[in-house]
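4 protein chains.
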Amino acid sequence: MTKLDSNKKKKEDSLLNTAFGLFTTQGVSKTSISDIASKAGVAKGTFYLYFKDKYDIRNRLVAHKSSQLFRAAVESMRASGEKYGYTEKVIFIVNDILDQLSENKSLLNFISKNLSWGLFKSALTAPGKAEDFDFKDIYLEMIADAPYPLDQPEIMIFMIIELISSTCYSAILYSEPVGLDELKPYLYRTIENIIESHYIK
Amino acid sequence: MTKLDSNKKKKEDSLLNTAFGLFTTQGVSKTSISDIASKAGVAKGTFYLYFKDKYDIRNRLVAHKSSQLFRAAVESMRASGEKYGYTEKVIFIVNDILDQLSENKSLLNFISKNLSWGLFKSALTAPGKAEDFDFKDIYLEMIADAPYPLDQPEIMIFMIIELISSTCYSAILYSEPVGLDELKPYLYRTIENIIESHYIK
Amino acid sequence: MTKLDSNKKKKEDSLLNTAFGLFTTQGVSKTSISDIASKAGVAKGTFYLYFKDKYDIRNRLVAHKSSQLFRAAVESMRASGEKYGYTEKVIFIVNDILDQLSENKSLLNFISKNLSWGLFKSALTAPGKAEDFDFKDIYLEMIADAPYPLDQPEIMIFMIIELISSTCYSAILYSEPVGLDELKPYLYRTIENIIESHYIK
Amino acid sequence: MTKLDSNKKKKEDSLLNTAFGLFTTQGVSKTSISDIASKAGVAKGTFYLYFKDKYDIRNRLVAHKSSQLFRAAVESMRASGEKYGYTEKVIFIVNDILDQLSENKSLLNFISKNLSWGLFKSALTAPGKAEDFDFKDIYLEMIADAPYPLDQPEIMIFMIIELISSTCYSAILYSEPVGLDELKPYLYRTIENIIESHYIK
DNA sequence: TATGAATGAGATTTCATTCAT
DNA sequence: AATGAATGAAATCTCATTCAT
């Protein structure tokens, strides 16, 4: 990487970080490109050299941040050194992500409001950037690891993710209808049921 | 109702209908209050006599439209004249709502992007306006009807609603990861499992 | 006065009092007719039955409040029971008015920003309303009382009033260039000089 | 100065001049920022690149115009080539300013309605912009020039300025209670008295 | 007299985007 | 590649005034 390239990288990172800070504190629609550029210490015009518009930078952030969440959960599981069964693995990861989000409500708010399955899937399966590790393998491994063949594994994962992401928003941010801790047992039991019902025994 | 009152009602309805049309075709953020007022045939200032701002009218629409969906489903069930078991009832209603939404994708888009559990709950349980029938009763009846006592019925309903609303968005609008028809069996099986696991037998 | 008339009077008074409160706390330009009417407990349209517009009510208030200031000063002088010389009389009144204003800064602010010589003169010399006592006499008496004939008494009074009203604004509200107490001796000496130089000896 | 800078200066000047024209002919409150921008030939948004709001541009104009008045008077005195005594100097300047104002009633109207001692003082003593000459020196010289030491020179100047500005408004614009020419002798005599009484002999 | 819904012009302000430098 | 002045459309919201009831 030449010095120029690294300089460009720095600008881009600065824009991404600043935008994330503003999006999570003020919301996307109340953050202007002016805000982002001036806080990042670059000129307004420079923003357009790196991103098409506000939604471009937002999508890249959502994808990046959700893959980070997932990566952290996987690493945390590996670090634990324990051996888990298949369902345990899934729930470990879900649980870890929920805990991360409940520690970081502005991130939760940002991701929930802007995440879509398509974005999530591309974040998980797209060839990661240099610095990211590759989720595609993990995702496939996750599917392959099951003790029985899975009927429609993608639907299964889709339902689990949608169930979690939509319930945790309300539970963590508003304790509605109950707080996260009270919700967890019901959520995990439902996840177990979903997985179980996808086994082809 | 005096002539004045009925006139006011007409204005408000006209604003609500026009706003709904614009929100669903152009999206909320691309719809301006100017648009709404001029299309509704009232002066801009008049808008502010009835609504605080764009988000006020949006919330009222979301609440109204979701309660309409639910009402139509319940009526359709009654009209069918059949006798259903508890789980069958729930699934009948879910199925009916999903079919309504898949017929009306712009409504789905509008509601999903703007629905939150709090809004939904208040739409269901708030004392309906004169013209609405009262959902509170239905909601309570739904809970009371179960063949066994329910452990945390609100959590159960919450999970079902969140699961449906978030999965159907992607399935109906983008056929991602699969289309609605392909998703339905898995969804309904999951609903059955959720209900079953809340029974206190 | 019939009951109807007294009712009208009450409405008008309520509007005047409310407007005064709002003018002094928020300023004239930030007070809307809506504010006045709703706080006074009457409909917006009713305002227009009593006043032409915001400036009409403002002018009536300025005139009324400045004549009140003057009346209070004169009464306070009478109440003191002392016998004063001519210059002493004038200074007593000036001093009393300044003290009133420095106790009531919002009144000072309101009057200073909106008082003009024309308005003041009409407040002093116009045939007072029923409840006001008549200043015309006092004004004339003031002129007649001088120990020598006065050369251009109106110019004299004009200069005194303008000098006081413009200096006290800055002195009382901002202590600029000095506070009122420090300013007073210089002010009074100047008043003495003005009077003295109008004597035709 | 680069081409860009000179261009910016031109824009700002154009805005200032246009605003002054509109303020003096229509009054401040009836002049909108839209008016100013469109008449100055710039886009509305451009206004906000140079001024915070209408009151910002107004204050800068008042300060600028009052210092111009004063500068013109001082220059006119210098040009006359005569040698004046101290009191004569002050009265020369006052007289010159009054004549300027009576030639330019809209300027008088604009300044009087918006001038405050604080604004005036900052116009006189603030380090002038490049194009202005520095009044601080003149102001200090004016004080130092007196034939005797002055007791509280700032109060003296304050009283003179306030007396003049408030009396001339009514005299020039409405000939109330008398026209400017008739008022002048009384005014100047009062100024002489004020100065005289501040001498420490 | 009194009301207050309706008006609609118009004020202020923001901001994505362009483009000359 | 970087800048940031300029744009000007568009958004939100206010408010004096009218007029049917």
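Protein chains in written order, with our numbering: chain U, 1 to 201; chain X, 1001 to 1201; chain E, 2001 to 2201; chain Y, 3001 to 3201.
The C-beta atom is built at its ideal place from N, Cα and C for all residues, glycine as well.
Given the structure is predicted, the values throughout are model-derived calculations rather than measurements.
1) Under 9 Å Cβ-Cβ, which residues of chain E neighbour residue 3190 of chain Y?
2) Apart from the five residues just before and just after residue 1198 of chain X, which ones in its own chain have a Cβ nearer than 6 Å to its Cβ?
3) For chain X, check one thing: does any of its Cβ atoms lie closer than 8 Å to the Cβ of residue 208 of chain U?
4) Which residues in chain E have a C-beta closer than 9 Å to the C-beta of residue 3178 of chain Y? List them in chain order.
5) Pull up the DSSP beta-bridge partners for residue 1199 of chain X, would you.
6) Going along the chain, which residues of its own chain have a beta-carbon closer than 7 Å to the beta-carbon of residue 3107 of chain Y, five neighbours each way excluded?
7) Excluding five sequence neighbours on each side, which residues of the same chain lie with their C-beta closer than 7 Å to the C-beta of residue 2191 of chain E?
8) Three or more beta-carbon pairs under 8 Å between the region 174-186 of chain U and the region 134-148 of chain U, yes or no?
9) What are the start and end residues of each continuous beta strand (DSSP E) run of 3 or more residues lying completely inside the region 3032-3060 of chain Y, in chain order?
10) Under a CB-based cut-off of 8 Å, is residue 25 of chain U close to chain X?
11) Measure the C-alpha to C-alpha separation of residue 1168 of chain X and residue 1105 of chain X and round it to an integer number of angstroms.
12) Residue 183 of chain U touches chain X at which residues, Cβ-Cβ below 7 Å?
13) Consider the Cβ of residue 1170 of chain X: report whether some Cβ of chain U lies at a distance smaller than 8 Å.
14) Is residue 2172 of chain E buried or exposed, if buried means 16 or more other CB atoms sit within 10 Å of its CB?
15) Can you check whether the C-beta of residue 84 of chain U is within less than 8 Å of a C-beta belonging to chain X?
16) Can you tell me which of the three DSSP states residue 2104 of chain E falls into?
17) Residues of the region 1057-1070 of chain X with a CB closer than 8 Å to any CB of chain U: list them in chain order, please.
18) If you run the structure through DSSP and keep just helix, strand and coil, what is residue 2076 of chain E?
19) Among Y:3035, Y:3038, Y:3080 and Y:3116, which one has its Cα closest to the Cα of residue 3164 of chain Y?
20) With a threshold of 16 other CB atoms inside 10 Å of the CB of residue 2043 of chain E, please say whether the residue is buried or exposed.
21) So if I threshold CB-CB distances at 8 Å, which residues from the region 103-121 of chain U count as touching chain X?
22) Count the C-beta pairs between the region 1044-1057 of chain X and the region 1028-1035 of chain X that are closer than 8 Å, then say yes if the count reaches three, no if not.
23) Measure the Cβ-Cβ separation of residue 3073 of chain Y and residue 3096 of chain Y and say whether it is below 8 Å.
24) Out of U:110, U:87, U:182 and U:166, which has the shortest C-alpha to C-alpha gap to residue 145 of chain U?
25) Identify, in the order they occur along the chain, each residue of the same chain with its Cβ nearer than 6 Å to the Cβ of residue 180 of chain U, setting aside the five sequence neighbours on each side.
26) Spell out whether any CB of chain X is found under 8 Å from the CB atom of residue 32 of chain U.
27) Going by Cα to Cα distance, which pick from E:2081, E:2067, E:2110 and E:2013 is closest to residue 2026 of chain E?
28) Assuming contact is defined by CB atoms lying nearer than 8 Å, are residue 1201 of chain X and residue 1148 of chain X in contact in what I supplied?
29) Taking 8 Å as the threshold (beta carbon to beta carbon), is residue 2167 of chain E in contact with chain Y?
30) Cβ closer than 7 Å: which chain E residues qualify as neighbours of residue 3174 of chain Y?
31) Return yes when the Cβ of residue 1193 of chain X is within less than 8 Å of the Cβ of residue 7 of chain U, no when it is not.
32) Taking C-beta pairs closer than 7 Å, name the residues in chain E that residue 3139 of chain Y reaches, listed in chain order.
33) Out of U:99, U:114 and U:54, which one is the CA nearest neighbour of residue 76 of chain U?
34) Out of curiosity, what's the CA-to-CA distance linking residue 29 of chain U and residue 19 of chain U?
35) Quick one: residues in its chain with C-beta nearer than 6 Å to the C-beta of residue 3061 of chain Y, no 5 flanking neighbours on either side, listed in chain order?
Looking at the coordinates:
1) 2159, 2163, 2190, 2193, 2194 and 2197
2) 1150, 1151 and 1156
3) Given that chain U is displayed from residue 1 to residue 201, the structure contains no residue 208 of chain U and the question cannot be resolved.
4) 2152, 2154, 2155 and 2158
5) X:1150
6) 3024, 3065 and 3101
7) 2090, 2091, 2094 and 2160
8) no
9) none
10) no
11) 11 Å
12) 1155
13) yes
14) buried
15) no
16) coil
17) none
18) helix
19) Y:3116
20) exposed
21) 116, 117, 118 and 121
22) yes
23) yes
24) U:87
25) 102, 171 and 172
26) no
27) E:2110
28) yes
29) yes
30) 2118
31) no
32) Within chain E, no residue comes near residue 3139 of chain Y; the closest Cβ sits about 13 Å away, beyond 7 Å.
33) U:99
34) 12 Å
35) 3020
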